[in-house]
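Just below is one structure, and these are the notes that go with it.
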Amino acid sequence: MPISAAKFDPTAVDVRADDSLLHVVMADGRELSVPLEWFPRLRDATPEQRGHWRFIGRGKGIHWPDVDEDISVEGLLRIS
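Quick note: the sequence shown, position 53, residue 966 per our numbering, numbers continuous.
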C-alpha cells in the first residue's frame, strides 16, 4: 500500500488576530498561532488596525498598512 507524502504549502490563505495571538491559516490546512508580543506594532494596534491587512507576494507575506508592518509566512515558520 503506497504512502502519500503530505505536501506543505507555506502560503497564507487567511489571517486574524485577537488580543494576544496572531493566527495564520495556510493553504495546506495548517494554522499557525504566534504571540502578538513578537510584533509590537501589531500588539499596540487597535483591533480595527489589526483587521486591516492584505497579502503580499501571493500569500507569502502579510502587510498591515495602518501600522506599516510586514510579516513573511516563512519567517513565522522559522521562529515558531
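The beta-carbon is built from N, C-alpha and C at its ideal position, and this holds for glycine as well.
The straight-line gap separating the alpha-carbon atoms of P960 and G988 is approximately 23 Å.
Within the same chain, and ignoring the five residues on either side of H976 in sequence, the residues whose Cβ sits closer than 6 Å to its Cβ are R967, I969 and D983.
Look at D979 here: in three-state DSSP terms it is coil, with no helix or strand label. Put simply, the backbone Cα of R943 is about 26 Å away from that of D957. Between R929 and G974, the gap from beta carbon to beta carbon reaches 9 Å or more. DSSP places L934 inside the beta strand (DSSP E), whose first and last residues are L934 to M939.
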